[in-house]
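Residues in the sequence shown are numbered from 12 upward in steps of one, following the numbering used here.
The beta-carbon is built from N, C-alpha and C at its ideal position, and this holds for glycine as well.
Small disclaimer: the values here were computed from a predicted structure and weren't measured.
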Amino acid sequence: MKTLYPAIEPFDQGFFKVSELHELYYEQSGNPNGEPVIFLHGGPGGGSSPAYRQFFDPSFYRVIIFDQRGCGQSKPLGCLEDNNTDALI
């Protein structure tokens with residue numbers, strides 16, 4: 012079994028407004044100029060974890076992680092309002 016890369020902190024994090032109600036939490040870690048990789052957490056109801064940053068070589072990849080609507084650090088937590096197919100397309 013392969014071991015994880017060392018723990019690192021994000022170089023950027025914040026919220027991205029996707030509707031009048033919802034804001035998605037995002038973070039970036041690793042190499043700011045590296046090959047971008049977007050990591051999608053499981054669900055439903057899950058969220059990102061600091062351990063996810065350790066799945067990719069931080070010297071090569073720019074790791075982008077976000078919490079889906081209503082999950083993790085995204086706002087509002089647990090809210091299903093405007094979280095349907097019509098609103099998402």
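Exercise. If you draw a straight line from the alpha carbon of residue 26 to that of residue 17, how long is it in whole angstroms?
Worked result: For residue 26 and residue 17, the distance between alpha carbons rounds to 25 Å.
Exercise. Given that a residue counts as buried once 16 or more other Cβ atoms are within 10 Å of its Cβ, and exposed if not, what is residue 83?
Worked result: Residue 83 counts as buried, since no fewer than 16 other beta carbons sit within 10 angstroms of its beta carbon.
Exercise. Would residue 23 be called buried (16 or more neighbouring beta carbons within 10 Å of its own) or exposed?
Worked result: Residue burial is scored here from C-beta neighbours: residue 23 has fewer than 16 other C-beta atoms within 10 angstroms and is therefore classed as exposed.
Problem set entry | beta strand (DSSP E) segment containing residue 35, residue limits | Per DSSP, residue 35 is one residue of the beta strand (DSSP E) stretching across 34-41.
Problem set entry | Limits of the beta strand (DSSP E) - the one that residue 51 falls within | If you look at residue 51, you'll find it in the beta strand (DSSP E) that goes 46-51.
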